[in-house]
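Taking it in order: structure first as structure tokens, then the write-up.
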Amino acid sequence: MTSLPGAALVLGLRRSGEPAALALARRKVRVVGVDADGKLDAGRLRSAGVEVHLGAESDVALVEGVQLLVKSPGVPSEAPLVVAARTRGIPVWSEVELGARLVGQPEVGITGTNGKTTTTELVGAIYRSAGRPVAVAGNVGRSLCSLDGTLTGAEAIVCELSSFQLEDIDTFRCHIAVLLNLTPDHLDRHQTLEDYQAAKLRIFENQQPNDVAIVPHGFERVPGSAARVEFAAGDSLPAEPILPGAHNRENAAAAVAAVRAAGIDDAAIAAALRTFPGVPHRLETVRELDGVRYVNDSKATNPDSAERAFEAYPAGTLRVILGGSRKQASFAALAQVARQRRVLRAYLIGDTTPDLAAALADVGVSHVVCGDLESAVARARADARPGEIVMLSPACASFDSFRSFEHRGDAFRELVEAL
10 MTSLPGAALV LGLRRSGEPA ALALARRKVR VVGVDADGKL DAGRLRSAGV
60 EVHLGAESDV ALVEGVQLLV KSPGVPSEAP LVVAARTRGI PVWSEVELGA
110 RLVGQPEVGI TGTNGKTTTT ELVGAIYRSA GRPVAVAGNV GRSLCSLDGT
160 LTGAEAIVCE LSSFQLEDID TFRCHIAVLL NLTPDHLDRH QTLEDYQAAK
210 LRIFENQQPN DVAIVPHGFE RVPGSAARVE FAAGDSLPAE PILPGAHNRE
260 NAAAAVAAVR AAGIDDAAIA AALRTFPGVP HRLETVRELD GVRYVNDSKA
310 TNPDSAERAF EAYPAGTLRV ILGGSRKQAS FAALAQVARQ RRVLRAYLIG
360 DTTPDLAAAL ADVGVSHVVC GDLESAVARA RADARPGEIV MLSPACASFD
410 SFRSFEHRGD AFRELVEAL
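Its first residue numbered 10, the sequence shown is counted upward by one per residue in the numbering used here.
In structure tokens form, the structure reads like this:
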């Protein structure tokens, strides 16, 4: 779309929806904003002229008279307003599709099941190390539309992209697109592994021959026509990253491939690798108390991510807090890794407690049902001895008890700091 529609509906008005609605309103588009939360504070939106409807996510009449629906990542494709829009031939865009049209296509886009935020922030750090203006956005917590009106035009945009953001792109295109890995996740939303993989691979579909597609060594299915570059954990790097774990070395290899494709020299890359500390909620050391280290890995929202966290520390040192809301994932492989890494005990919380307890019992890993995070922290504190590590690495989403993985990680940090 070379020109904006006269009227648009923005569905979901939180982290990405509000900036999308405000960006459209600044351009004199009539904006209808809809959110399922009937108590959402919509004062800023209403002040900007947005027509706000709270708790009206099933009112399909709201699509009448609009020419575009912008869908926040948390909104499923089966939502009544989305179905109504598509039935009427109204385009449905993700927020990143709108953002790319308003502020510019990303120079680097990064997706994958695990490691996205760490790799995206590392790429941003390398750009800054090289003295190149950069804006980091997307699934990292700052929406692409929130950059509207903040850029000088000199910045390269580096964007973390989730499957939920990629499933509704149209012309969205990254000059350098990175796929870190693909393992089962979000099957409660995508239903099948094939659908989930297809959403992730859309990052490549609009690329042209002068673009670059960066993929794990041996990965075969790459749509689009970009030049292909492979990476692997064992790649030679200009410097070793200070982040722990083999998975973080693999993330660093992907980041290095991306920034080299952008023309950044190895000296700047090395300086960033030696200093980049990681991101909050991902293998984040909260404190040491009585010889015990407490680690916040709340961003481990699926089993594969938690398995990588287990492998980042010496075997026989971990006490792990596991559990949360269901995503239709199996915990059998996680339990095997816990046994192999000689996890001392697992402290189980949340809706997935029965499934985790069964998987851990099958392989003989010690575990205790704690119910909630506060009880789990208290029990782990009582059990832990000097030299051990108490780690929140839930292997599950957070929505049974928390607003987000950040909320869960912040709660863990507060509990630990209060010990």
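We put the beta carbon where it would ideally sit given N, CA and C, even for glycine.
> Would the beta-carbon of Pro100 fall within 9 Å of that of Ala109?
Replying inline: no
>> Helix, strand or coil for Cys405? Go by DSSP, reduced to three states.
In response: coil
> Hey, Thr294 and Arg283 are a contact pair by Cβ (cut 8 Å); roughly how many whole angstroms apart?
Replying inline: Contact doesn't hold; Cβ gap of about 18 Å is too wide.
> What is the rounded straight-line gap between the Cα of Val329 and the Cα of Glu203?
Replying inline: 31 Å
>> Under 8 Å, with one C-beta from each stretch per pair, do the stretch 403–420 and the stretch 352–368 reach the 3-pair mark?
In response: yes
>> Can you look up Arg388 in the DSSP assignment and give me helix, strand or coil?
In response: helix
> Cα separation between Arg269 and Ile119?
Replying inline: 15 Å
>> Using the three-state DSSP reduction, which class does Pro225 fall into: helix, strand or coil?
In response: strand
> If you draw a straight line from the alpha carbon of Ser413 to that of Asp419, how long is it in whole angstroms?
Replying inline: 10 Å
> Between the C-alpha atoms of Asn311 and Asn123, what's the straight-line distance to the nearest angstrom?
Replying inline: 9 Å
>> Just to check my reading of the structure: Ser25 and Ser81 have Cβ atoms closer than 8 Å, yes? What is that Cβ distance to the nearest angstrom?
In response: 5 Å
> Given a threshold of 16 other Cβ atoms within 10 Å of its Cβ, counted over all protein chains shown, does Ala427 qualify as buried or as exposed?
Replying inline: exposed
> When we look at the beta-carbon of Asp313 and count the other beta-carbons within 10 Å, is it buried (16 or more) or exposed?
Replying inline: buried
> For Val5, which three-state DSSP category applies?
Replying inline: With the chain represented from 10 up to 428, any question about residue 5 goes unanswered, as that position is not in the structure.
> Which of helix, strand or coil does DSSP assign to Cys154?
Replying inline: helix
> On the three-state DSSP scale, how would you describe Lys336?
Replying inline: coil
> Can you name the start and end residues of the alpha helix (DSSP H) that Phe414 belongs to?
Replying inline: 414–426
>> Measuring straight from C-alpha to C-alpha, what distance separates Thr361 and Gly254?
In response: 26 Å
> Is the beta carbon of Gly42 less than 9 Å from the beta carbon of Ala32?
Replying inline: no
> Is Ala134 closer than 9 Å to Ala281 when the C-beta atoms are compared?
Replying inline: yes
>> I need the boundaries of the beta strand (DSSP E) containing Arg230, first residue and last residue.
In response: Counting along the chain, Arg230 falls outside any beta strand (DSSP E), and DSSP gives it neither H nor E.
> Of all the options Leu331, Arg354, Leu90, Ala165, which has the alpha carbon lying nearest to the alpha carbon of Leu382?
Replying inline: Leu331
>> Assuming contact is defined by CB atoms lying nearer than 9 Å, are Glu130 and Gln174 in contact in what I supplied?
In response: no
>> What does DSSP give as the partner residue(s) for Val61 in the beta ladder?
In response: Gly42
> Looking only at its own chain, which residues have a Cβ that is under 7 Å from the Cβ of Ala279, when we skip the five neighbours before and after it?
Replying inline: Pro247, Ala248
> For the candidate residues Pro395, Gly396, Leu357, whose alpha-carbon lies nearest to that of Arg388?
Replying inline: Leu357
> Of the choices Leu353, Arg422, Ala370, whose alpha-carbon is the least far from that of Asp392?
Replying inline: Leu353
>> Am I right that Glu214 and Pro225 are in contact with their C-beta atoms under 8 Å? What's the rounded C-beta distance?
In response: 18 Å between Cβ atoms; not a contact.
> Using a Cβ-Cβ cut-off of 6 Å (strictly less than) and excluding sequence neighbours within five positions of Arg5, which residues of its own chain qualify?
Replying inline: Nothing can be reported for residue 5: it is not among the residues displayed for the chain, which extend from 10 to 428.
>> Using only the alpha-carbon positions, how far apart do Ala144 and Leu188 sit?
In response: 20 Å
> Between the C-alpha atoms of Asp34 and Gly233, what's the straight-line distance to the nearest angstrom?
Replying inline: Checking the sequence shown, residue 34 turns out to be Ala, not Asp. Each residue's alpha carbon lies about 34 Å from the other.
>> Less than 6 Å between C-beta atoms, sequence neighbours within five positions excluded: which residues of the same chain meet that for Phe319?
In response: Val346, Arg350
> Can you check whether the CB of Glu259 is closer than 9 Å to the CB of Leu327?
Replying inline: no
>> Is it buried or exposed, Asn476, if we count other Cβ atoms within 10 angstroms and call 16 or more buried?
In response: Look at the range of the chain in this structure, 10 to 428, and you will see that residue 476 is not part of it.
> His195: buried (16+ other C-beta within 10 angstroms of its C-beta) or exposed?
Replying inline: Because His195 sits at a pLDDT of 49, beneath the cut-off of 50, its placement in the model cannot be relied upon, and the point is left open.
>> On the DSSP bridge list, what partners appear for Leu188?
In response: Thr120
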